[in-house]
C-alpha cells in the first residue's frame, strides 16, 4: 500500500522535534500576566472567530471569511498604527515546531480588510477586529493543507507586540474541487461511531441529504486500544483484526468516505491493563501521542477520538503511568494535538477523559477540537471552548429505545440547533444481526434527525455494505 510508511521512522522524526518550543497555534495563547507593568503598552493578535475542528479551514466554496482580533494591555493615550500582514516567512518555523512539512498558502488568495491597517484613536478602545478573506488561489493541490500565518506589527513607537503573541496561524485545506456537496459551515455536524467488529464503515455513504450533501460528517472507527508492552516497556496502539482489516484496505473502506467529505477518526479505548488514556504520565502521554501521530499519518486518517473506559489501575512504580485524572487525560489530548495540528483530536466525555481546563497554560479550546457526551446528555465547554465544539445530544442506536422502539424524535435534533451546539452524536447503528425491524427504526431516526438539524429529508436508502465487503448489496426487505 503506497500510503503505508515506516511507523518507526515517523515516531523517530516526531521525537526529534520534541525539544522545540511546544505550542499549539501561535497567536491564540495570551498570557495577560506579562501586562502587569502599567508603564508599558503591549499588544497581541488572536483569531476572532474559531476555525473548524482540527484547526483546519476547509475551503469548499469560492472563499472563506474569518475575523482577526488585535488587543492591547491598555488604551493608548496618543493613538497608534498597527499593520497586519500575511507572513509566509513563518512557515519554516511552524513546520519545525510541529514536525510538519506544509506549504505556505499562496498570497494571491489572501486579503485583509483595510489592507491590514488598524488605526487606534487616542483614548479609544483596547480591542479591534479586522476581516480576513481566503479565496481559492491558482494551482492548489486537491486535499492539501496549507499554512496561512498573519503577523501584527506596530508602526508606533512605544507600542510593543511580543513575538510569541504577534501571529495568528490558519491551516487551509483545499476542498474546492471535491466531488461532493459541502454543508453550510455553520450547520450542526453529525458525529457517528461505528462498532467495526460487526459493521462496515462504508454504510455511511448511503445516507445523503436531499441537497446532495452527506448526512454523516465524522465517522469514528470504534475502536483500537491502548495497551502496555511489558517486554519493550512502552504504551502502544493495539488494533484488533477488525480495525486492522479496515486500515489495511483504506483505499476501499476509508478513502471513499473521505472523498465525500467525511472525516474518518480512529477511536481509542482502554483494554484491561495498566495503560489507560487518563493515567499516562507526561512521558507516557508523549510516547503514546507519537504512536498516534504515526498511525494517522501511515493510514491517512483525519484524527482520533479518546474514550476512557476498561483500563485497570495504573502501576505507579512505572514512570509511564500516574494517578488517573482529568489532568493526565488533558496532557494526552494536548500532546496529540501538538503532533497533529491539522487533525481532529476529540474526546468522549466519560470517566476522567474530559474536564481539564488547560495544559502548560494553553486552554483546552486550542487542543480539544470536539467533545461528545454520554447517551441522553449534552456536552459542556471548558477552557475557552464553546458550545460549537460540543454535542447537544448523544444517541445509542443499537440498543434500547432507538434501536428497537420508537425512532429519535425530530424535536431532539431541533433542540440541538436552537441550543447553539455544534454536534449531534450517534453510536453503533447497523448491527451485525441485521434485524429488519431495528434497521427500519434506525433509518427513520436518521430521517428525523436530518429534518431537525437541516430542515430537509434524506434520499431513499436502498443499499447496505456487509462486513468486510468492498461492494454494496440491495437491502433485502
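In this note's numbering, the protein residues as written are 5 to 481. Just so you know, even glycine gets a beta-carbon here, dropped at the ideal spot from N, CA and C. In this text, all values refer to a predicted model and were calculated from it rather than measured experimentally.
task = Could you tell me which residues DSSP pairs with residue 77 in its beta bridges?
result = According to DSSP, which records beta bridges pairwise, residue 77 is partnered with nothing at all.
Distance between beta carbons of residue 473 and residue 207, contact taken as under 8 Å = Incorrect: roughly 10 Å between the Cβ atoms, too far for contact.
ask   = Span of the beta strand (DSSP E) holding residue 370?
value = Run containing residue 370: none; DSSP gives neither H nor E here.
ask   = With distances taken from CA atoms, which of 313, 469, 253, 332 is nearest residue 276?
value = 313
query = Do the region 213–224 and the region 169–189 meet, that is, are 3 or more Cβ pairs less than 8 Å apart?
reply = yes
ask   = Quick one: Cα of residue 45 to Cα of residue 163, how far?
value = 5 Å
task = Please confirm whether residue 365 and residue 390 have their CB atoms less than 9 Å apart.
result = no
ask   = Which runs of the beta strand (DSSP E) spanning at least 3 residues fall entirely within the region 164–252, listed in chain order?
value = 171–178, 193–199, 222–233, 238–242
ask   = Should residue 269 go down as buried or exposed, given a rule of 16 or more other Cβ atoms within 10 Å for buried?
value = buried
task = Please say whether residue 154 and residue 91 have beta carbons closer to each other than 9 Å?
result = yes
key: N-terminal and C-terminal residue of the alpha helix (DSSP H) that residue 450 is part of   = 440–458
query = Near residue 387, which residues of its chain fall below 8 Å by C-beta distance, leaving aside the five closest residues on each side in sequence?
reply = 360, 361, 362, 367, 368, 369, 372
query = If you compare alpha carbons, which of 384, 256, 114 is closest to residue 63?
reply = 114
message = On the CB-based measure, 16 or more other CB atoms within 10 Å of its CB, does residue 248 come out buried or exposed?
response = exposed
key: Segment contact flag, the region 284–300 with the region 334–345, C-beta cutoff 8 Å, min 3 pairs   = yes
inquiry  = Run through the DSSP bridge pairs and tell me what residue 121 is partnered with.
reply    = 87
inquiry  = Less than 7 Å between C-beta atoms, sequence neighbours within five positions excluded: which residues of the same chain meet that for residue 464?
reply    = none
Secondary structure of residue 332, DSSP reduced to three states = helix
message = Contact between the region 72–81 and the region 320–327 is defined here as three or more beta-carbon pairs at a separation below 8 Å; is this criterion met?
response = no
key: Chain-order list of residues whose beta-carbon lies under 7 Å from that of residue 251 (same chain, five-residue window excluded)   = 243, 303
request  = Determine the contact status of residue 137 and residue 116, defining contact as a CB-CB distance below 9 Å.
outcome  = yes
request  = Could you pull the start and end residues of the beta strand (DSSP E) that residue 555 belongs to?
outcome  = Residue 555 lies beyond the residue range present for the chain, which begins at 5 and ends at 481; the question has no answer from this structure.
query = Tell me, which residues are paired with residue 362 by DSSP?
reply = 367
request  = Take the Cβ of residue 274 as the centre, count every other Cβ of all protein chains shown within 10 Å, and call the residue buried at 16 or more, exposed below.
outcome  = buried
ask   = Roughly how many angstroms separate the alpha carbons of residue 56 and residue 123, rounded to a whole number?
value = Here residue 56 scores only 42 on pLDDT, less than 50, and its place in the model should not be relied on; the value that follows carries that caveat. Roughly 30 Å separates the two Cα atoms.
query = So what does DSSP say about residue 286, is it helix, strand or coil?
reply = helix
key: Anticipated Cβ contact below 8 Å, residue 450 with residue 219, distance rounded   = 6 Å
ask   = Should residue 484 and residue 160 be called a contact, given that it needs their Cβ atoms to be closer than 9 Å?
value = Since the displayed the chain opens at 5 and closes at 481, residue 484 lies outside it and no answer follows.
ask   = Who are the near neighbours of residue 300 in its chain, counting only those whose CB is closer than 8 Å to its CB and skipping five residues on each side?
value = 270, 306, 307, 308, 344, 347
Burial state of residue 54 (16 or more Cβ within 10 Å) = Reliability fails at residue 54, whose pLDDT of 46 lies under 50, so the model's placement of it is uncertain and no value is given.
request  = Report buried or exposed for residue 223, applying the criterion of at least 16 other Cβ atoms within 10 angstroms of its Cβ.
outcome  = buried
query = If you compare alpha carbons, which of 69, 246, 233, 235 is closest to residue 198?
reply = 246
task = With DSSP collapsed to three states, give me the class of residue 133.
result = strand
query = Since residue 353 contacts residue 377 with CB under 8 Å, what's their CB separation in whole angstroms?
reply = 5 Å
query = residue 395 to residue 82, Cα distance in whole Å?
reply = 46 Å
query = Under the rule that 16 or more other beta-carbon atoms within 10 Å means buried, what is residue 340, buried or exposed?
reply = buried
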